[in-house]
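In this note's numbering, the protein residues as written are 22 to 272.
Written below as C-alpha cells is the structure these notes are about.
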C-alpha cells in the first residue's frame with residue numbers, strides 16, 4: 022500500500038493540462054505516477070513526460086487513447102516496458118540511454134502499428150553525427166535510417182529530423198533488411214583485432230566496409246622478411262642484343 026501511495030503521489034503543481042493534452046516534465050520521476058491518469062483522464066491524447074528520469078513506461082497502458090507521446094531526455098535503456106498503443110501516431114524518444122536500436126525498432130513496430138512519427142536521436146545506439154561525431158559518419162546514419170524505414174510500419178511518414186522521401190521508402194523496401202545494425206563483440210585476447218559480427222550472422226554491408234586484404238597486425242622494423250644479393254650470372258642471349266643500341270646518355 023505504501024509503494025502504491027508513493028507512485029500515486031506526485032507534484033500536482035508541475036502538471037499542466039490543456040484540454041486533452043498533459044505535460045509533466047522536469048520532476049526527476051523514475052516511474053510514471055500511478056495516479057497521473059486519474060488526474061489527466063483516460064481520454065488524454067497527448068502526454069509530455071520529458072526531462073524526467075524514467076526507466077520504465079509500463080503505466081502507459083492506462084492511456085489507451087494516447088496519440089502523441091514525448092519521452093525526451095529520460096533514462097530509458099530499452100522499450101521492453103512499452104505497452105500496446107494502437108492509437109499512437111507520434112513517439113519522441115530523443116536523448117535516452119537506448120543502445121539496442123534493432124530491439125527498440127521491433128518493439129515500436131509491435132506496439133504502435135499506426136505510428137507516423139518516430140525520433141530516436143541522441144541515444145547511444147543511434148548513429149547520428151550530432152551524438153557520436155567521432156565514431157559515426159553520414160553513411161552509418163543512412164544505413165540505420167533505411168533499416169528503420171524497413172522495420173517500422175508503413176504508416177511512418179517522418180523519422181528523426183526529416184520527412185521520409187519516396188526514394189528512401191523504395192530503398193528501404195528493397196534493401197533495408199540487409200542494413201541491420203551490426204552487432205559486434207571485442208576479442209579481448211588481441212587488441213589489434215577488429216570487431217566482427219556475431220557467429221553465423223553475415224552482413225554484406227559490414228563485409229564491404231571492413232574487409233581488407235592487408236594483415237590486421239603490424240610487424241616491428243626488426244621483423245622484416247626482405248632479402249637482397251648479387252646476381253652470379255650474366256645473360257647475353259639474342260633477346261638482349263637490342264641493349265647495345267642504348268647508350269648511357271639515353272638512360
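Virtual Cβ for every residue (Gly too), placed ideally from N, Cα, C.
Keep in mind the model is a prediction, meaning the values are calculated, not measured.
- Annotated as proximal: residue 173 and residue 180, with beta-carbon spacing under 9 Å.
- With 16 or more neighbouring CB atoms inside 10 Å of its own CB, residue 144 falls in the buried class.
- Taking the Cα of residue 60 as reference, the smallest distance to any Cα among 47, 88, 50 and 31 is reached at 31.
- Around the CB of residue 161, 16 or more other CB atoms lie within 10 Å, so the residue is classed as buried.
- Between the beta-carbon of residue 99 and that of residue 124 there is about 6 Å, and that keeps the pair under the 8 Å contact cut.
- Its chain contains 100 and 103 as the residues whose beta carbon lies nearer than 6 Å to that of residue 128, once the 5 sequence neighbours on both sides are disregarded; these appear in chain order.
- Residue environment analysis places residue 117 among the buried positions, since at least 16 neighbouring C-beta atoms fall within 10 angstroms of its C-beta.
- Across the structure, residue 109 and residue 158 are spaced so that their CA atoms are roughly 31 Å apart.
- Taking residue 50 as reference, the option from 41, 63, 80 and 39 with the minimal CA-CA separation is 80.
- Counting only the Cα atoms, residue 177 lies some 18 Å from residue 200.
- Per the C-alpha coordinates, the member of 106, 122, 148 and 149 positioned closest to residue 136 is 106.
- Taking the C-beta atoms as reference points, residue 115 is found no nearer than 9 Å to residue 87.
- With 16 or more other Cβ atoms inside 10 Å of its own Cβ, residue 149 counts as buried.
- Taking each of 58, 130 and 36 in turn and checking the Cα distance to residue 112, the smallest one comes out for 130.
- Residue 75 sits away from residue 44, with the two beta carbons spaced by 9 Å or more.
- The alpha-carbon of residue 134 is positioned some 13 Å away from that of residue 170.
- Leaving aside the five residues that flank residue 35 on each side, the residues in its chain whose CB is nearer than 8 Å to its CB run, in chain order, 45, 46, 47 and 48.
- One alpha carbon belongs to residue 183, the other to residue 41, and they sit about 27 Å apart.
- Apart from the 5 residues on each side of it in sequence, residue 89 sits with its Cβ closer than 6 Å to the Cβ of 67 and 111 in its chain, given in chain order.
- In chain order, 46, 47 and 94 place their CB closer than 7 Å to the CB of residue 72, counting only its own chain and leaving out the 5 sequence neighbours on each side.
- The beta-bridge partner set that DSSP reports for residue 89 consists of 67 and 111.
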